[in-house]
Ligand SMILES: C[S@@+](CC[C@H](N)C(=O)[O-])C[C@H]1O[C@@H](n2cnc3c(N)ncnc32)[C@H](O)[C@@H]1O
Ligand code: SF4
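Residue numbers (this note's numbering): 605 to 994.
Okay, structure coming up:
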């Protein structure tokens, strides 16, 4: 089936993105929900745990709060990590993410961490800036077998990329991504999937939209990175809970930036993290936010309190109530955050689809799709290896 004409899609998306009554209506529905569920609907356990292997980073990206963080750099201890994995397994928490703030490949035991989590049966994802992936590191990471490995590649133009992400060597980042792709294709662990046997990890590029991102840059981006990746996710920078104003590279807008930020914080939706995830920072602090550079959304410490105590504890309930009531007097970091506007609208997904379509990029997973489902192929005794896995 042919996709709808891009122009139409773009108009629709623009309409939804700019019309305030649409968002006001969604906001109103949240307010109604709060009457029946003052703390929201709380799952009996977290749906995922997000682990910060380290908050150290080798770059100073313009839109990222990492460079303004006061918290000293620390590295997660192996014993703490092992304990967490055991407890997650006992509780049946299905997903683990191995990055939040900082560059996870700076942790020397990262591949071992991934391997342990995979052997415990979790779906494991992580993101890297791709600049430290020597042959040895890239191979070890791939062979540990994360399900999704994201690499942050914002721009194809090396000079613009250096302005947006000071400290980066664009050639080294490109080489790192190339190594991941080569090792994945050669020796990535094989895994069953609904569309046949595939090799892990899926390589996803993430791209933050800055003022250098335009149609010309888009074309160069897909020409350069397209052949190396399976999929892409494009998104706008948020305020990183007040840490990042992203001024130097903010896209021009007809609204003054401060006014826009003020509106976005007032017209927000409830954040999903308090009902979804726990964040273990590298010094053992448990948080609930992926922009918690200085551990201000602290709900306790691990392992002094176990996961369930933290999840159902008084701090978490207070945070949930604050998000249901949009009353952030006790949670100033949440008050400073505009990500709930940016991210909960899911405009990122619509925009990503548009950009992919106009650059004729098809996610590789779609290409892997076998003509018949795996079970059917097995029943018939035909080969179960999709052509991609080789
Ligand atoms: C904070 S980084 C941590 C992992 C790793 N250092 C990296 O660069 O991929 C995770 C992701 O957040 C994105 N990011 C950083 N600052 C952001 C902001 N202000 N708004 C939205 N995304 C941001 C990065 O581009 C990256 O893809
Ligand atoms: S986005 Fe990633 S690489 Fe850039 S400063 Fe933040 S943590 Fe470091």
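Where a beta carbon is used, it is the ideal one built from N, C-alpha and C, also for glycine.
Under the criterion of a Cβ to heavy atom distance below 7 Å, does residue i qualify as lining ligand 1?
i: residue 812; result: yes
i: residue 952; result: no
i: residue 706; result: yes
i: residue 723; result: no
i: residue 774; result: no
i: residue 657; result: no
i: residue 886; result: no
i: residue 842; result: yes
i: residue 756; result: yes
i: residue 731; result: yes
i: residue 631; result: no
i: residue 839; result: yes
i: residue 711; result: no
i: residue 703; result: yes
Could you name the residues of the same chain whose beta carbon sits closer than 8 Å to that of residue i, not counting the 5 residues immediately before and after it, in chain order?
i: residue 653; result: 688, 692, 697, 699, 700, 701, 881, 882, 883, 884 and 911
i: residue 824; result: 760 and 761
i: residue 774; result: 762, 765 and 766
i: residue 560; result: This structure cannot settle anything about residue 560, because the visible part of the chain is limited to 605 through 994.
Less than 8 Å separating the beta-carbons of residue i and residue j?
i: residue 787; j: residue 742; result: yes
i: residue 805; j: residue 737; result: no
i: residue 838; j: residue 811; result: yes
i: residue 772; j: residue 765; result: yes
i: residue 592; j: residue 749; result: No information on residue 592 is available, as it lies outside the stretch 605 to 994 that the chain covers here.
i: residue 727; j: residue 836; result: no
i: residue 841; j: residue 643; result: no
i: residue 659; j: residue 678; result: yes
i: residue 923; j: residue 915; result: no
i: residue 665; j: residue 813; result: no
i: residue 739; j: residue 783; result: yes
i: residue 879; j: residue 646; result: yes
i: residue 894; j: residue 704; result: yes
i: residue 684; j: residue 649; result: no
Can you list, in chain order, the residues of its chain whose CB lies under 6 Å from that of residue i, leaving out five sequence neighbours each side?
i: residue 680; result: 657 and 886
i: residue 829; result: 757 and 809
i: residue 874; result: 634 and 927
i: residue 745; result: 715
i: residue 710; result: 658 and 660
i: residue 952; result: 839
i: residue 723; result: none
Can you find the residues in the same chain that come closer than 7 Å, C-beta to C-beta, to residue i, ignoring five residues on each side of it along the sequence?
i: residue 963; result: 822, 823 and 826
i: residue 932; result: 926, 938 and 939
i: residue 706; result: 656, 658, 659, 660, 661 and 670
i: residue 889; result: 899, 902 and 905
i: residue 682; result: 713
i: residue 967; result: 834 and 835
i: residue 921; result: 643
_Contact between the region 916 to 935 and the region 627 to 644 is defined here as three or more beta-carbon pairs at a separation below 8 Å; is this criterion met?_
yes
*In chain order, what residues place their C-beta within less than 5 Å of a heavy atom belonging to ligand 2?*
661, 663, 665, 668, 670 and 733
*asked:* I want to know whether the region 754 to 765 touches the region 726 to 733 - three or more CB-CB distances under 8 Å.
replied: Yes, the region 754 to 765 touches the region 726 to 733.
_Check whether the region 903 to 910 and the region 705 to 721 touch, using three or more Cβ-Cβ pairs below 8 Å as the test._
no
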